Each structure stands twice: as structure tokens, then as C-alpha cells.
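In the UniProt record's numbering, the protein residues as written are 1 to 161.
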Amino acid sequence: MVHTLAKSVLALDEEIAGVDAQIAARFREHRDAEVILSMPGTGLTLDAEFIACTGSDMDAFGSAGRLAGVAGLAPVPRDSGRITGNMRRPHRYHCRLLRVYSPPASVRHPEPSTTTRGPRARATSRQSLPSPAVASTCCGHSSATKRHYSVQPPEPEAVPA
């Protein structure tokens with residue numbers, strides 16, 4: 001019985017590998033595959049999911065802010081009367097797009113100068129979730145690279161003579 005179960009698990013692994021190869025081949029046929037692959041922190045699976053979520057048409061969003069709003073990365077105002085400027089996380093958003101932008105947000109690290117704070121400020125500050133803001137910058141990166149339709153190769157380093 002264990003032998004038959006092991007054979008079925010191995011057959012499923014081979015089938016999954018075949019489907020992954022089909023997804024990768026189909027993704028590489030897309031006109032914007034190279035641009036989307038240039039986003040930091042993503043791979044073929046997340047990039048294919050990004051194309052599936054956006055419908056392969058980035059012009060429908062118009063801007064990086066609109067894409068961030070649909071993905072649930074942009075804060076929503078919670079204003080009442082004279083009180084303005086209160087922002088909160090949105091309740092309605094595209095869960096799969098948020099899933100696409102979550103790993104790149106965990107990969108990116110902010111500049112050290114923006115994270116260094118004094119001990120008193122660290123002790124008195126409220127805990128917040130920085131990943132939506134960082135993921136929003138990833139969202140802006142994807143729409144900016146899509147807008148320009150080009151991948152910038154890294155500049156060669158100057159060799160000292």
C-alpha cells in the first residue's frame with residue numbers, strides 16, 4: 001500500500017513539474033515578460049499570477065496609485081467631520097494581487113537612514129505594518145517599468161587604471 005501511494009505521489013510531482021514548465025513557456029511568450037521579470041523579489045509563478053490578475057492590460061489601471069489601490073496597498077482615508085488625515089488599511093481589495101506584491105515587499109529593505117531612530121522614539125512609537133508602503137513602492141516599480149516597455153541593463157562598473 002505504501003509503495004502505491006509513493007508511486008502516486010511521484011506521478012503527481014512529475015505532473016506538477018510539467019504544468020510548471022507549461023506555465024513558464026506560456027509566460028515567456030507574453031510581450032511584457034522581460035519587463036515583468038525585472039521586478040525585484042518575484043519569480044515565474046508570481047509573475048504569471050500577476051498577468052492573470054491584471055488581465056495582461058496595464059493601461060486599464062492608468063497609474064501606479066490605481067494599481068496599488070486595487071491591490072489593497074494604498075491607504076484609505078478615514079475622515080470624519082473636522083478630523084482629516086486618518087488613514088487605514090482598505091477592507092476591499094484584490095487578494096491575489098496583494099499576494100503577488102507581498103513577497104517583494106518582504107525582500108526590499110528601506111534605507112538605513114530612514115530606519116534609525118532614537119531610543120525614546122523607538123520606545124514610544126506604535127507598532128505599524130510597513131509592508132503595504134514598501135509593497136506600494138514595488139507596485140510603482142512594476143507600472144513604471146511597464147510604462148517604459150524597456151529593461152535597463154546594469155551599467156558596467158568603471159575599472160580603475
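Even for Gly, the Cβ is constructed at its ideal location relative to N, Cα and C.
All values reported here derive from a predicted model rather than from experimental measurement.
To test your reading of the DSSP string, which unbroken beta strand (DSSP E) runs of 3 or more residues are found completely within the UniProt domain "Transposase IS116/IS110/IS902 C-terminal" (34–98)? Taking only runs of at least 3 residues, no beta strand (DSSP E) segment lies wholly in the UniProt domain "Transposase IS116/IS110/IS902 C-terminal" (34–98).
Extent of the continuous alpha helix (DSSP H) run through His30: That residue, His30, is in no alpha helix (DSSP H); it is neither H nor E in DSSP.
So with Cβ pairs under 8 angstroms, would you call Tyr93 a contact of chain D? Protein chains in the displayed structure number just one, and chain D is not present.
So, at 7 angstroms on beta carbons, what are the nonlocal neighbours of Asp59 in its own chain, with the 5 sequence-adjacent residues on each side left out? For Asp59, where only same-chain residues beyond five positions count, there are no Cβ hits under 7 angstroms.
Buried or exposed by the 16-neighbour rule on C-beta atoms within 10 Å, applied to Ala35: Per the sequence presented here, residue 35 reads as Val, with Ala not at that position. A residue is called buried when at least 16 other Cβ atoms come within 10 angstroms of its Cβ; Val35 meets this threshold and is buried.
Given this structure, state the Cα-to-Cα distance separating Ile83 from Ala64, to the nearest angstrom. Ile83 and Ala64: Cα-Cα distance of roughly 27 angstroms.
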